[in-house]
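Those sequence lines, one after another, are chains A and B.
Here the first sequence is numbered in my numbering, starting from 1 and rising by one per residue.
Here the second sequence is numbered in my numbering, starting from 116 and rising by one per residue.
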Amino acid sequence: AQSVTQLGSHVSVSEGALVLLRCNYSSSVPPYLFWYVQYPNQGLQLLLKYTTGATLVKGINGFEAEFKKSETSFHLTKPSAHMSDAAEYFCAVSASTGTASKLTFGTGTRLQVTL
Amino acid sequence: DAGITQSPRHKVTETGTPVTLRCHQTENHRYMYWYRQDPGHGLRLIHYSYGVKDTDKGEVSDGYSVSRSKTEDFLLTLESATSSQTSVYFCAISDRGFNEQFFGPGTRLTVL
C-alpha cells in the first residue's frame, strides 16, 4: 500500500523567504509523485510531477521539488515566497492496482505568507 | 484547463434524501474518480472508473454508488444522505495509469 506523510499542517513564512513543504512517501514500487495546490474554493491544480529521470523537478509558479529515494522524500521548495502563494498544498503518490491507477494524498499543508 | 465540470456546485439537502452529483468531461479520458475532501483528511477516494461501465470502490465507498454509461459522464449517488456525508466532492480525470489527475471545481454538499 502507498502512503504519504506531510509534516506540518500549517506553515507560515514571510514574503521573500524560502518556502519548504515536506513530503515523505511509502511505496513498494517505484513511485510517481505529485504536488498539487488548492486555492480557496477551487479544485486542485497540478504544480509538478516526478515520474522517472531527473530527480529535480521544476513546476509552475517557481516551485520545484527533489525526489530523494534514499530518504523517501519529495519536498517542495520555492526560493522566495509571494503573497499569492498562500494556499493549501497536497503531496500525492500514485499506486497502480489492477486496471487503474490511484493517487494517495497527504493531508495537506496550509501555507500562510505574511508581510 | 482540462474540460471538467461538476453539477451542481452547491447543494443543501435533508437526511434520508437521495442525491446525485454529476461529473462531465470533454477530454475523452479513460479514468474518472470521485473524492471527498474533509478538514484533516485530505482527499479520500470514494469510487473510480476505468472505462464505460467499469467501476471499483475506493477507501470510503460505504453509502455511495456510481455509474458510468458513457465516457464523458460519471455520476455519484448518495442513496440516502446522512450528515456524515456533508463534504466537498471533487471529480478527477486521467488519461492513463500512473499519470496525473485533473480536478473539477468541486461540489459543496450539506446534509441537514
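The C-beta atom is built at its ideal place from N, Cα and C for all residues, glycine as well.
Please look up how many angstroms separate the CB atoms of residue i and residue j, rounded, as I've assumed it's under 8 Å.
i, j, result
"residue 63 of chain A", "residue 47 of chain A", "5 Å"
"residue 160 of chain B", "residue 174 of chain B", "5 Å"
"residue 145 of chain B", "residue 165 of chain B", "6 Å"
"residue 108 of chain A", "residue 178 of chain B", "Residue 108 of chain A to residue 178 of chain B, Cβ: 24 Å. No contact."
Give the secondary structure of residue i by DSSP, where H, G and I count as helix, E and B as strand, and everything else as coil.
i, result
"residue 200 of chain B", "helix"
"residue 85 of chain A", "helix"
"residue 108 of chain A", "coil"
"residue 157 of chain B", "strand"
"residue 16 of chain A", "coil"
"residue 62 of chain A", "helix"
"residue 54 of chain A", "coil"
"residue 211 of chain B", "coil"
"residue 47 of chain A", "strand"
"residue 75 of chain A", "strand"
"residue 171 of chain B", "strand"
Considering only the beta carbon of each residue, do residue i and residue j sit closer than 8 Å?
i, j, result
"residue 227 of chain B", "residue 127 of chain B", "yes"
"residue 26 of chain A", "residue 110 of chain A", "no"
"residue 90 of chain A", "residue 38 of chain A", "yes"
"residue 83 of chain A", "residue 57 of chain A", "no"
"residue 220 of chain B", "residue 152 of chain B", "no"
"residue 51 of chain A", "residue 36 of chain A", "no"
"residue 104 of chain A", "residue 6 of chain A", "no"
"residue 17 of chain A", "residue 86 of chain A", "no"
"residue 73 of chain A", "residue 24 of chain A", "yes"
"residue 65 of chain A", "residue 76 of chain A", "yes"
Can you name the residues that DSSP bridges to residue i?
i, result
"residue 184 of chain A", "Here chain A comprises residues numbered 1 to 115, so residue 184 of chain A is not present and cannot be evaluated."
"residue 32 of chain A", "None; residue 32 of chain A has no bridge partner."
"residue 152 of chain B", "B:158 and B:203"
"residue 80 of chain A", "DSSP output for residue 80 of chain A lists no bridge partner at all."
"residue 10 of chain A", "A:110"
- Task: Report yes or no: do the segment 125-145 of chain B and the segment 52-71 of chain A share at least 3 C-beta pairs separated by less than 8 Å?
- Result: no
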